[in-house]
Amino acid sequence: MGSLQRFTDMSRDSVSRVKHLKILLDSLSTHEKRQLIEEHSFETFHLVDELLLSADIVANPQGAVEGESGLWTLEQILCYAPELVGNGWQRHAIEALLKKALYPRNLLAIRKIAIRLFLIFYQSLSVFGKATEDLDRVFQCLLPYFPLKDGQNTEAVLQQYCHSAGTVHWSDRSMGSPTTPGTSVSNAKERAQMLQVYLDKFLEYCTRETSRIEWSDEKKRFQCASFIIDRVINLYIAECFSDLEANGVDIFGGWEGADDTVEALDTADPIVIARYWLIRWVNNLAAVRQQPSSQWHPGVLLYHDALFASHKATNTALSLMREAMTLPLPCSNVIQKVVATLSAWLLQYEIPPFVASDEVPVETSSLLLINMLLSFFQSPYLLQPGDRLQSAITTSYSILRACRDLASHRLNLPRPLSVRVWSELMYRLCQSAARVCSHSDKYSQEMSAAFAMTVLSNMVMIKAVRNIDIDDKLWDEVNNVFLHGIWIQMAQQWSRISHSVTRALILHLAHVDIFTQEDLDRANQGSTSAKKNEVAAENEAGEENSVDTESTGDNSSFMEGDDITNAVSTWNGNPTIWLQVWRRFMCVLGPHCVSSANALIAVETLSNTIHNLLSANLDPLAHWIASRLVHTPVNLLPHCIASLGTILHSSRKPSSILQAHILHAFIRLIKAGDPQVLPHITSMSPRHLSVLSQHLLQVIPGMITQHPPNTHTLKVLALLSTSNAPAEQLLMKQLAPSDISLTHALLCVNALCMLIIQRGDSDLLAKMFSVLQTHRCGPNLLPVLCSCLESLFKVSKNPAALQVILRTIPTLRDDRLRTEVQWAIASLALANSLKSDLPQITKTFLADKQKLLEGAVLTMEGQFPLPGFNVAKWNSVESTPAKQNDTQVFIQRNSAIIGVNKDQQLEITSRTVVGRHCWILEPHKSERKECRNVNAWLQKEAQRGRRAGRESVGILGAMDDPFDSLPRPNNATTNNCSPDWMNILESSRRQPQPLKPVPPSNGKPAISGLHEWRSFSASLGFVPNVADVPSNFSRDLKHLDQTCAREVHKVAVIYVADGQEDKQSILSNTSASPCFDRFVSELGWQVCIGKGHEGYPGGLPYDTTAPYYASPDTELIFHVSTHLSGDVTQKWKHIGNDEVHVVWSEHSKPYRRETIATKFCDVLIVLERADDKTYRVRVETVSALEFGPLYDGALVGGEELAELVRLTVINASRAYRLARKDHIRPLRHREHVFAHDTMRHMKKVRLSDAINALYIPTMTA
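Note that the numbering used here has the sequence shown beginning at 1300, numbered continuously upward.
Below is the structure:
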């Protein structure tokens, strides 16, 4: 009560009374405040009058403080007694006080308070219909330098209004600026800044002060808000937008406004500033409910409802939003605010109030919003954005993002849009894209990719994903965009999106996803990043109030998104619609684009599309794409010739007319002399290759002259050489130079070897040996050539070629390569009985100390009895020898270990570096006949007498083997021997023992086994060579017997049926096609692993049937996937460990190494059918290896396929082993085991011990 008394005591000073009024109001509720002011209105107004009349609020700071206290007191009256003031209580006095406070030369702080109070006073009067035109004029002129259509100065009008209250003397004393008294403002920039400051506060006061008026009836507050909005529209907005009434939006009448040409204005122009702040204010009112509820201000919500409660106000708001798109780029902040509001309405994040009230259909609203958003791209400021380029780009991205989001599959519209809306969206979008992308300025370049992406993505999303049946003529608009677009970024986006569209099409038609998980994750991350950036941009937007603030944003996420891939995860769409959309999409760009860069991108994209379609077995669609590529200009043909070549040998052959066009495209490129065509010719069928052969033979010599021949050139020559002699001659010519690389030389050699095998051309064989003898790559290539000798000699036995090889052997410095050549010669000699060349071959082996090869040749040539011994059983693992016992004796010879088993029957076993041979000694039952030839020679030798150094007689005198140096028995009946062998006999050290004449048969019983054994062992000189062996010697013998002299190889043969693309299905095959079975049967002879097979088993279990092949130097077994028993895991144990894989593929797609991945498959040979009679060979190696004769890309006939494959896999396996530095040939390994691991354990014994070991105990007769 004390404060009330002091406040109402008018005798007290005004400052004290104000203080106690404030204390009093702070302790009261709103209702009590209203009651206090109404009851003590006289005292309150007296206080106001006293403060303002006595205060100098222009220049005196102390007076300004008193003025502020008086205005604060007046504010309490206006806020808490609105009905009293509105009914005209003290109207003239209040107006007089406001005139004094509103005077233009007052301090800024005073004027701001005065403006707020005037707005409250003005609204209160309006409720009771007491707002006059004079007050309207004052309301219109509250802002300094606001542009009026009649050209009047608002400051002058306001000053005139204030003078009517007798304040002329204030004007005389005023000197400065509006913020500092006594200063006049004449600078345009300062006037613009002042207008901007006042507009900001004025519009804020309009919104805020209405909610502070405490009416007894809340409806009057809404009435005040409606009144202020109406006054702002009529007195401010109408002044800034002169054609608003004639060309404004009428959302309720269906009028959207005309697209008039916008005149560019200066940013500092007051009209621009006024428009900026008015648009910003209206947009804030319209978008208040799009903000979080915690940010809602009661006054803004009140004005939001009032704005959309009036048709006029709603139309005005929409008209201003449309006009926002034409503001200068420095106003980008408000432009982006408006874009955000329009986007939220369009995307139906918030249903516009005029739509929610069902006064306007969603179709009408959406059409208007689309046109308003895209009208930004008609702004004249975009042509020369200058330093505001980034603002223009950021705003443009926001608009395009809204267009993309509208079509996005993630957006579930509460109110579905009609076909007309979607059509209008695409039409306006295409029109804007065509307008922007046809210019050559920086802005167009930056936005071209975003426009292309939005247009294409939206078209696909609307038609195929949302399944909206918009008019197909819109594709013409899309084509028009790319027809007039000049930027390569547009073509790049088309290429990128085409990959996603093709993926979606394949997913719907073939139910196959060509994208990897990495691709899908990347697309999802791009969309997530774009969404996060969009939310961040919305949160940051609108914080700046300055017109000149530069807007920036991260637009990279916009380009990273892939709406189509994210929208299509399964094949639940309409395949027919996807096919239609895909075809129209692929026709947007083509090889005949005006821009060569765009044409190149189109050609490459179409080529990649062909490969993707073929991978999904959609050959007809790939053929349709190819029909567009065949007419590609010749300068672009190299970029699509690969896909055209793929079409030719696809599983479903194209039509004859398309094949002809593709071949014609190849011919055009060949005639142009472009070497890039050659890699794609090697995969052609023989029929297609024959069409191009003559053109190739005319051009290739010129290509070789200009560029050194590469692998593809040589492969083409190799393929052509089978039916074209000039190609063969070119191959020989390319092989001749010494600077040719080893890889290219190997390719030439393999190609020529195949010619020799196929044609039996002995002359070509001799030429090759002649060239390679002195060639730099000869040491590496001769073993490859020699490995084919056995096949070559089947059709052409050329002694001259063998002589060339024998002369070349001494020139080979690498011991392993020299061994390879010698082994090949030995194998050739054994298989073909080269008797005339045997002496020279033997000398070669002797010179190089090749004991095993020497022994093998001599063995097979009859120097030791091997009747009926099958080559296939060489080195086969026999039964384990019996354990050593007292009846077993070992004799050590220089080149043999002879074991004698005297138990039951006499068994003699001879072990050499060649192998193991066994005999059983039995008495000879038939009568002994005299051999005159041998006896004559023995008698002659006996008459010559004992040789020097022969001291012993009797049994010891016959201990040297008289047969060691005998010549090879000859089947001929002649007694004459060759001079070489006679020299050996005459120079022999051995003293033969004279034989007694054969006594006539007298019917006596056969002589005992003991007598025969003594005679046999004495004749062969066993006695002095008996050796003592350790107790575990049988283990050493077993190791020696199991050490092979021949090479053993195991090769996997895998059958791939059509449609099989994984290891599980491939290895599950238990049967195959007849062609495959015939091929397998020709690889070798079928054996059953077990007791009946004494050759190399290759680790296969018993009772497994497998092709087996053996030659004098090699054993080979094939692990055929269809022959192996067990499940996939058991089969994989054999196949997965093989170093060489042969894959017979009947699949329409090329076989990939990753299909059956293994770290052991160092050589992969894939056989695919090229035509009815020919197979194509693909060879892949992990590292560089020299083997043949098959090469990558070779064409082989079915009749010779198995033999060439068998020869190639042997050479490949051998080459892989030779590539390891620690690898030695099996023959060298056996020699080492024989000499160092077995024979060195044998020790000579005394003569008495030797006789005891041989003859005691007495053997059973």
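Virtual Cβ for every residue (Gly too), placed ideally from N, Cα, C.
By Cβ distance below 8 Å, which residues in the same chain neighbour Glu1837 in space, the five residues on each side in sequence not counted?
As a first step, residue 1837 must be located in the sequence shown, where it is residue number 538. Residue placement at Glu1837 cannot be trusted, given a pLDDT of 48 that sits under 50; the coordinates are not used to answer.
**Study point:** For Ser1678 and Met1624, believed in contact at Cβ under 8 Å, the rounded distance
**Key:** For the purposes of this step, residue 1624 is taken as the residue at position 325 of the sequence shown. For the purposes of this step, residue 1678 is taken as the residue at position 379 of the sequence shown. Yes, Met1624 and Ser1678 are in contact; Cβ-Cβ is about 6 Å, under 8 Å.
Count the CB pairs spanning the segment 2427 to 2445 and the segment 2349 to 2362 that are closer than 8 Å, and state whether there are at least three.
yes
Neighbourhood of Leu2546 by C-beta distance below 6 Å, restricted to the same chain and skipping five residues each side: For the purposes of this step, residue 2546 is identified with residue 1247 of the sequence shown, where counting begins at 1. Closer than 6 Å at Cβ, skipping near neighbours: no residue.
Burial state of His1963, where buried means 16 or more other Cβ atoms lie within 10 Å: Locating residue 1963 in the sequence shown gives position 664, where the first residue counts as 1. Flag for His1963 reads exposed.
- Task: Mind the definition here: the segment 1924 to 1942 touches the segment 1791 to 1807 only if three or more C-beta pairs lie below 8 Å; say whether that holds.
- Result: no
Of the residues Ile2055, Ile1532, Glu2119, the one placed nearest Ala2514, counting alpha carbons only: As a working mapping, residue 2514 is identified with position 1215 in the sequence shown. Comparing Cα positions, the closest option is Glu2119.
**Request:** Measure from the C-beta of Pro1919 to each C-beta in chain D and report whether the shortest distance is under 8 Å.
**Result:** Structure shown: chain D not included; a single protein chain is present.
Problem set entry | Sheet register partners of Asn2200 (DSSP bridge) | On the sequence shown, position 901 is the one that residue 2200 refers to. DSSP, once it has assigned bridges, lists Gln2187, Glu2206 as partnering Asn2200.
message = In the DSSP assignment, the beta strand (DSSP E) including Ala2326 goes from what residue to what residue?
response = As a position in the sequence shown, residue 2326 is number 1027, starting the count at 1. Annotation for Ala2326: the continuous beta strand (DSSP E) segment containing it runs 2325 to 2327.
Mind the definition here: the segment 1734 to 1751 touches the segment 1706 to 1713 only if three or more C-beta pairs lie below 8 Å; say whether that holds. With a cut-off of 8 Å, the segment 1706 to 1713 and the segment 1734 to 1751 do not count as touching, because too few Cβ pairs lie within range.
Inset, instruction - Drop a sphere of 10 angstroms on the beta-carbon of Glu1723, count the other beta-carbons inside from all chains shown, and report buried for 16 or more, exposed for fewer. - result: Within the sequence shown, the letter at position 424 stands for residue 1723. By the 10 Å Cβ count, Glu1723 comes out buried.
**Item:** For Arg2075, the three-state DSSP class (helix, strand or coil)
**Value:** Within the sequence shown, the letter at position 776 stands for residue 2075. Three-state result, Arg2075: coil.
(request) With a 10 Å radius around its C-beta and 16 neighbouring C-beta atoms as the bar for buried, classify Trp1595 as buried or exposed. (result) Numbered from its first residue, the sequence shown carries residue 1595 at position 296. It counts as exposed.
* **Closest by C-alpha distance to Cys2047, when choosing among Gln1522, Arg1507, Tyr2490, Ala1563** => The count along the sequence shown starts at 1 and reaches residue 2047 at position 748. Here the closest residue by C-alpha is Tyr2490.
(message) Tell me the DSSP secondary structure of Thr2473 in three-state form.
(response) Indexing the sequence shown from 1 puts residue 2473 at position 1174. Judged by DSSP in its simplified three-state form, Thr2473 adopts strand.
* **Cα-Cα separation between Ala2518 and Ser2482, rounded to whole angstroms** => In the sequence shown, the residue the question calls residue 2518 occupies position 1219. In the sequence shown, the residue the question calls residue 2482 occupies position 1183. The alpha-carbon atoms of Ala2518 and Ser2482 are separated by roughly 9 Å.
Pull the bridge partners of His2418 from the DSSP assignment, please. Position 1119 of the sequence shown holds residue 2418. According to DSSP, His2418 bridges with Ala2351.
Worksheet item: His1391: buried (16+ other C-beta within 10 angstroms of its C-beta) or exposed?
Response: The residue labelled residue 1391 in the question sits at position 92 within the sequence shown. It counts as exposed.
### Query
Alpha carbon to alpha carbon, how far is Ile2039 from Gln2033?
Counting from one through the sequence shown, the residue named residue 2039 turns up at place 740. Counting from one through the sequence shown, the residue named residue 2033 turns up at place 734. Taking the straight line from one Cα to the other gives about 8 Å.
Looking at Ser2086: is its Cβ nearer than 8 Å to the Cβ of Ser2410? Translated into the one-based positions of the sequence shown, residue 2086 becomes position 787. Translated into the one-based positions of the sequence shown, residue 2410 becomes position 1111. No, Cβ-Cβ distance for Ser2086 and Ser2410 is not below 8 Å.
| said: Looking at the strands, I want to know which residues DSSP matches up with Arg2215. | reply: Position 916 of the sequence shown, counted from the start, is the residue given in the question as residue 2215. When DSSP reads this structure, Arg2215 sits in a beta bridge with Arg2210.
Throw me the rounded Cβ distance for the Asp2471 and Pro1985 pair, which I believe falls under 8 Å. Along the sequence shown, read from residue 1 onward, the residue named residue 2471 stands at position 1172. Along the sequence shown, read from residue 1 onward, the residue named residue 1985 stands at position 686. The pair is not a contact, with the Cβ atoms about 10 Å apart (cut-off 8 Å).
### Whether Ile1767 touches Leu1917 by CB criterion (8 Å)
For the purposes of this step, residue 1767 is taken as the residue at position 468 of the sequence shown. For the purposes of this step, residue 1917 is taken as the residue at position 618 of the sequence shown. No. Outside cutoff.
> What's the gap between the Cα of Val1245 and the Cα of Pro2525?
Replying inline: Coverage of the chain is limited to positions 1300 through 2560, which leaves residue 1245 absent and any answer about it impossible.
Q. What's the gap between the Cα of Asn1670 and the Cα of Cys1523?
A. Counted from its first residue, the sequence shown places residue 1670 at position 371. Counted from its first residue, the sequence shown places residue 1523 at position 224. C-alpha separation (whole angstroms): 33 Å.
Task: Cut-off 7 Å between Cβ atoms - residues of its own chain near Thr1506, not counting five sequence neighbours on either side - done: Stepping through the sequence shown from its first residue, residue 1506 is reached at position 207. Around Thr1506: Gly1598, Val1599, Tyr1602.
Which word fits Gly1972, buried or exposed, when buried means at least 16 other C-beta atoms lie within 10 angstroms of its C-beta? Position 673 of the sequence shown, counting from 1, holds the residue named residue 1972. Classification of Gly1972: exposed, given that the 10 Å Cβ count is below 16.
Does the distance from the C-beta atom of Ala2577 to that of Ile2140 stay below 8 Å? Given that the chain is displayed from residue 1300 to residue 2560, the structure contains no residue 2577 and the question cannot be resolved.
Note to self: Taking the alpha-carbon of Val2212 as reference, which of Ser2447, Leu2339, Pro1381, Leu1626 has the nearest alpha-carbon?
What the structure shows: Taking the first residue of the sequence shown as position 1, residue 2212 is located at position 913. The shortest Cα separation from Val2212 among Ser2447, Leu2339, Pro1381, Leu1626 belongs to Leu2339.
* Within its chain, find whatever has a CB closer than 6 Å to the CB of Ile2207; leave out the 5 residues flanking it on each side and keep chain order. => Counted from its first residue, the sequence shown places residue 2207 at position 908. Within the same chain, Ile2207 has close Cβ partners Val2199, Trp2218.
* Asked: Around the Cβ of Pro2000, are there at least 16 other Cβ atoms within 10 angstroms (buried) or fewer (exposed)?
  -> One-based indexing of the sequence shown puts residue 2000 at position 701. By the neighbour-count rule (16 or more Cβ atoms within 10 Å), Pro2000 is not buried but exposed.
Next on the checklist: Looking at the secondary structure, which residues open and close the beta strand (DSSP E) in which Thr1625 lies?
Outcome noted: Translated into positions along the sequence shown, residue 1625 becomes position 326. Looking at the DSSP string, Thr1625 is not in any beta strand (DSSP E), and its letter there is neither H nor E.
**OP:** Indicate whether Phe1417 and Leu1441 have their beta-carbon atoms separated by less than 8 Å.
**Re:** Within the sequence shown, the letter at position 118 stands for residue 1417. Within the sequence shown, the letter at position 142 stands for residue 1441. Yes, these two residues count as a Cβ contact at 8 Å.
Notebook entry, point to check: Are there 16 or more other CB atoms within 10 angstroms of the CB of Met2053, so buried, or fewer, so exposed?
Noted result: Taking the sequence shown and counting its residues from 1, the one referred to as residue 2053 is at position 754. Buried: at least 16 other Cβ atoms inside 10 Å.
Does Val2495 come out as helix, strand or coil in the three-state DSSP assignment?
Working through the sequence shown from its first residue, we reach residue 2495 at position 1196. Per DSSP, reduced to three states, the secondary structure at Val2495 is strand.
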